[in-house]
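The numbering of the sequence shown is the numbering used here, which starts it at 1 and goes up by one.
Yeah, the Cβ is synthetic: ideal placement off N, Cα and C, and Gly gets one too.
Beneath this line is the structure, given in structure tokens, with notes to follow.
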Amino acid sequence: MADRDKGPRKVTSFDVARVAGVSRAAVSRAFTPDASVSPKTREKVFEAAKQLGYRVNYLARSLTNKRSDLVGVVAAGLDNPFRTLQIENLARVLIARNFRPILLPTSQEADTSTVIGQLLHYAVSGVIVTSDAPPTEICEQCAAEGVPIVLINKGDDIHFVDRIISDDRMAGHLAAAHLIEGGARKLAVMAAPAISYTARRRSEAFLGRCRQLGIEAQMLQIRINDYRSGYDAAADFAAFGIDGLFCANDYMACGVVDRVMQGRSRDDAPPIRIIGHDDIPQASWTAYDLTTIRQPCDIQAEQTVDLLMSRIAEPDLTARVEFTPVTLIKRRTA
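Structure below.
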């Protein structure tokens with residue numbers, strides 16, 4: 001009766017080795033990516049594991065190896081559809097490379113020590129920090145612990161920390177040229193440059209390109225790069241006489257479109273030319289049909305994990321920066 005109360009015994013790697021007719025070391029190699037093991041042995045181990053219901057305890061393995069297969073993904077602004085798309089692509093590439101992503105949501109106001117503690121307690125193999133997340137303290141402490149880090153769309157220049165940056169300069173230039181070629185002459189860029197490295201770079205590039213083309217564009221500063229900020233700020237467009245607008249992201253641009261199209265048919269073009277950035281799925285919806293600058297999350301994710309893996313292999317490499325290309329996607333709004 002006492003044994004029954006304890007429940008079923010947990011299946012171990014020894015059980016798998018016995019059923020498969022191999023050594024326990026062979027079982028360990030079969031479940032270790034890139035380990036030396038014959039296809040026949042791996043197949044026998046996997047079949048035995050399936051039969052017994054065996055699962056590898058990766059956290060327990062990390063206690064022995066000093067590192068787990070987990071990669072921390074630190075992200076803020078999860079209400080933005082682009083962030084969801086970005087994280088989805090990062091997760092897909094990490095899994096394909098035999099890592100397991102662990103998401104740690106944060107914000108500009110978050111206590112970074114909490115995030116750091118969570119990452120280091122799990123003995124992560126690396127950390128990816130996306131834009132709008134507070135990176136400096138996280139990066140410095142993780143680097144001190146020997147944990148490789150890659151920043152996406154962040155401006156912080158930190159020793160031994162690699163960065164992937166979308167080509168924001170090209171984005172600003174493409175937006176300015178397209179609006180002017182379309183006939184817009186009273187141009188503006190909308191962004192919250194104080195809190196966003198990418199918004200600041202895109203805005204500066206847009207304003208600079210407009211000046212080169214003979215037009216003095218204006219900066220419309222908002223508090224946050226989100227839908228509500230775009231929607232609220234669009235109420236003042238009539239007073240400014242704006243006929244061409246570049247928004248730092250699509251999420252904000254969708255708010256602008258909804259505000260300026262109030263009382264109008266969705267079959268009509270907006271009364272001003274609008275360009276966004278990111279090419280989120282909603283940008284192609286009939287309700288928006290938003291001209292935008294595509295930031296390819298799939299390419300960005302591959303670049304990020306490539307840098308992470310090379311940093312894991314060679315921790316002392318000098319800090320590197322790679323740029324993700326951007327493309328103008330033409331739709332109805334501009």
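Residue i - partner residues in DSSP beta bridges
i: V19; result: None; V19 has no bridge partner.
i: F323; result: I165
i: G244; result: L187 and R273
i: V150; result: I128 and D162
i: L328; result: I293
Residue range of the unbroken alpha helix (DSSP H) whose run includes residue i
i: P259; result: It should be noted that the sequence gives Arg, not Pro, for residue 259. Start and end: D250 to V260.
i: G72; result: From DSSP, G72 is part of no alpha helix (DSSP H) but of the beta strand (DSSP E) over L70 to A75.
i: T32; result: Taken as a continuous stretch (DSSP letters only), T32 belongs to no alpha helix (DSSP H), as it is neither H nor E.
i: T333; result: No alpha helix (DSSP H) contains T333, which DSSP labels as neither H nor E.
i: P270; result: First-last for P270: undefined, no H or E at that position.
i: I95; result: P81 to A96
i: P39; result: P39 to L52
i: V305; result: C297 to A313
i: T136; result: T136 to A144
i: T12; result: From DSSP, T12 is part of no alpha helix (DSSP H); its letter is neither H nor E.
i: D232; result: Y227 to A233
i: L207; result: Y197 to Q212
Member of the options whose CA lies at the smallest distance from the CA of residue i
i: L70; options: L308, D316 and T324; result: L308
i: T291; options: C142, S23 and I275; result: I275
i: A239; options: A192, V260 and F246; result: V260
i: S38; options: A49, G53 and V22; result: V22
i: E216; options: P193, Y227, A176 and V147; result: A176
i: R228; options: C142, V93 and G255; result: G255
i: D162; options: M252, P315, L78 and A188; result: P315
i: P105; options: N89, F99 and S131; result: S131
i: F31; options: F99, V74 and N80; result: F99
i: A76; options: E43, V189 and V115; result: V115
i: S310; options: R209, P281 and F160; result: F160
i: I293; options: D306, S107, P271 and A334; result: A334
i: I138; options: V74, H277 and D243; result: V74
i: D226; options: A313, C210 and P193; result: P193
i: A319; options: I195, A26 and D157; result: D157
Beta-carbon proximity check, residue i vs residue j, cutoff 7 angstroms
i: R202; j: G172; result: yes
i: A269; j: A199; result: no
i: R273; j: A184; result: yes
i: R331; j: D279; result: no
i: V150; j: G72; result: no
i: Q303; j: E322; result: yes
i: V127; j: C142; result: yes
i: E140; j: L120; result: no
i: A49; j: V16; result: yes
i: R266; j: A287; result: yes
i: C297; j: L103; result: no
i: D168; j: P325; result: no
i: Y231; j: D250; result: no
i: Q262; j: I164; result: no
i: P35; j: R42; result: At residue 35 the sequence reads Ala, which differs from the Pro that was named. No, these two residues do not count as a Cβ contact at 7 angstroms.
i: A188; j: L245; result: yes
i: A91; j: P101; result: yes
i: I180; j: L213; result: yes
i: V305; j: R97; result: yes
Extent of the continuous beta strand (DSSP E) to which residue i belongs
i: I280; result: Careful: I280 lies outside any beta strand (DSSP E) and carries neither H nor E.
i: G126; result: G126 to V129
i: Q221; result: Q218 to Q221
i: R100; result: R100 to P105
i: G294; result: It should be pointed out that residue 294 corresponds to Arg in this sequence rather than to Gly. Looking at the DSSP string, the run of the beta strand (DSSP E) that includes R294 is T291 to R294.
Straight-line Cα distance separating residue j from residue i
i: G241; j: K186; result: 7 angstroms
i: I95; j: V45; result: 21 angstroms
i: A205; j: H178; result: 14 angstroms
i: Y197; j: M219; result: 16 angstroms
i: R335; j: V147; result: Past the boundaries of the shown model lies residue 335; the chain is included only from 1 to 334, so the question cannot be answered.
i: L63; j: Q118; result: Confidence at L63 is low in this model, with a pLDDT of 48, below 50, so the placement of that residue should be treated as unreliable; the coordinate-derived value is given next. Each residue's alpha carbon lies about 16 angstroms from the other.
i: M170; j: A235; result: 29 angstroms
i: P365; j: F237; result: One cannot answer for residue 365 here, as it falls past the ends of the chain, which runs 1 to 334.
i: G53; j: R24; result: 16 angstroms
i: R223; j: I152; result: 22 angstroms
i: T327; j: S107; result: 29 angstroms
i: N89; j: I329; result: 20 angstroms
i: I195; j: R264; result: 34 angstroms
i: Q221; j: Y122; result: 40 angstroms
i: C210; j: S68; result: 49 angstroms
i: W285; j: I312; result: 41 angstroms
i: I87; j: L174; result: 26 angstroms
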